[in-house]
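What follows is one structure encoded as structure tokens, with my remarks underneath.
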Amino acid sequence: MSSAAHIVLRNVSVAFPVLSFRDRSLRSRFVRAVTLRSAGNAPRPRLVSALNGVDLEIRAGDRLGIIGANGAGKTTLLRVLAGIYHPTAGTVDVCGRCLSLFDLAAGFDEEATGYENILRRGLVIGARRTEIEARRAEIAEFTELGDRLDLPLRTYSSGMMLRLIFAVATAIEGEIVLLDEWIGVGDQQFRKKARQRLDAIVARAGILVLASHDIDLIKNTCNRAILLREGRIAAAGSTEDILDQYLAGTGEGRA
Ligand SMILES: Nc1ncnc2c1ncn2[C@@H]1O[C@H](COP(=O)(O)OP(=O)(O)OP(=O)(O)O)[C@@H](O)[C@H]1O
Numbered sequence: 001m002s003s004a005a006h007i008v009l010r011n012v013s014v015a016f017p018v019l020s021f022r023d024r025s026l027r028s029r030f031v032r033a034v035t036l037r038s039a040g041n042a043p044r045p046r047l048v049s050a051l052n053g054v055d056l057e058i059r060a061g062d063r064l065g066i067i068g069a070n071g072a073g074k075t076t077l078l079r080v081l082a083g084i085y086h087p088t089a090g091t092v093d094v095c096g097r098c099l100s101l102f103d104l105a106a107g108f109d110e111e112a113t114g115y116e117n118i119l120r121r122g123l124v125i126g127a128r129r130t131e132i133e134a135r136r137a138e139i140a141e142f143t144e145l146g147d148r149l150d151l152p153l154r155t156y157s158s159g160m161m162l163r164l165i166f167a168v169a170t171a172i173e174g175e176i177v178l179l180d181e182w183i184g185v186g187d188q189q190f191r192k193k194a195r196q197r198l199d200a201i202v203a204r205a206g207i208l209v210l211a212s213h214d215i216d217l218i219k220n221t222c223n224r225a226i227l228l229r230e231g232r233i234a235a236a237g238s239t240e241d242i243l244d245q246y247l248a249g250t251g252e253g254r255a
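Each step along the sequence shown adds one to the number in the UniProt record's numbering, with nothing skipped, and position 192 is 192.
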């Protein structure tokens, strides 16, 4: 796999327009219509800022941890890197094939069979149809779900569902792996198998970006980290330094 993978973000911001419940309600719309308010008086959405002026360069060999409190912008940043969100300002340059191992439920259809969902989910995480079809048998075997793969997804337990998600996610390779903290999946035996497979994927990837609240996971996986605070990069540096700053901010201190 090429080692030329890189990511450059310049001054990236993401803001979401949000209408309040009151502005969206049918009653409010009806009242506005009967009082003949002009379009100029239509409610303006409030903007929620999720990322603000983010500058970031990630090079081949980097294992970047993204840490920050709830709502700091971690998932939004992963989604920008995956091309799911386009920035409202700034530029994003991602060179290399991205494997998006987060947003676990995306692409699944409750009424479709396990086999059909293998294809759907594979396409969502960035694989080509031919690639998924070529690995179908291998993915099915890894799930250990046997004939149940012919049944609709709505009949699966949550553990079975996780097996399917994980098997698809880790059958495909990417130069850039985007991940959050969902690794603790399934029962004990499956978790061990899953962890080994994920480690192999991460080892082969040129770049890993891991967004997590799990300090040990970041410490054991990443060589660089950024601390996000209210959508901005508050600090960037070695994993050790950034975890120190994060834990000092939360008042937890280091173990
Ligand atoms: N679709 C959306 N519409 C409106 N606001 C959003 C949307 N997605 C995220 N936000 C807001 O953007 C900010 C960043 O959210 P994000 O999910 O990226 O944070 P996070 O760091 O991943 O949080 P957590 O650790 O809780 O998962 C939050 O204020 C959130 O409310």
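The C-beta atom is built at its ideal place from N, Cα and C for all residues, glycine as well.
Examine ligand 1 and report whether any of its heavy atoms sits within less than 7 Å of the Cβ of G114. no
Where the beta strand (DSSP E) through S13 begins and ends: 6 to 18
Rounded separation between V168 and R121 - CA only: 7 Å
Contact set for F190: own chain, Cβ-Cβ below 7 Å, skip 5 residues either direction: R163
Exposed or buried, what is S2 when buried is set at 16 or more other beta-carbons lying within 10 Å of its beta-carbon? Note that S2 has pLDDT 47, beneath the 50 cutoff, so the model's placement of it is unreliable and the number below is only indicative. Exposed, by the Cβ-count rule.
Contact check, S212 vs I84, beta carbons under 8 Å: no
Where DSSP assigns a beta bridge to G90, which residues make up the other side? Partner(s): none; G90 has no beta bridge.
Let me know if V14 comes out buried or exposed under the rule of 16 or more other beta-carbons within 10 Å of its beta-carbon. buried
Simplified DSSP assignment, three categories, for D55: strand
Near L47, what residues of its chain come up, given a Cβ to Cβ distance below 8 Å and the 5 sequence neighbours on each side ignored? A15, F16, P17, V18
Tell me whether A89 counts as near ligand 1, meaning its Cβ is closer than 7 Å to at least one heavy atom of that ligand. no
Buried or exposed for N52, please, with buried defined as at least 16 other CB atoms from any protein chain shown within 10 angstroms of its CB. buried
Specify the secondary structure class of I226 as computed by DSSP and reduced to three states. strand
Beta bridge counterpart(s) of G68 as assigned by DSSP: L228
CA-to-CA distance, T170 to A205, given in whole angstroms: 12 Å
Exposed unless 16 or more other CB atoms sit within 10 angstroms - verdict on K74: buried
Roughly how many angstroms lie between the CA atoms of I242 and I125, to the nearest whole one? 29 Å
My parser needs the beta strand (DSSP E) runs of 3 or more residues fully inside the segment 152 to 184; what are they? 176 to 180
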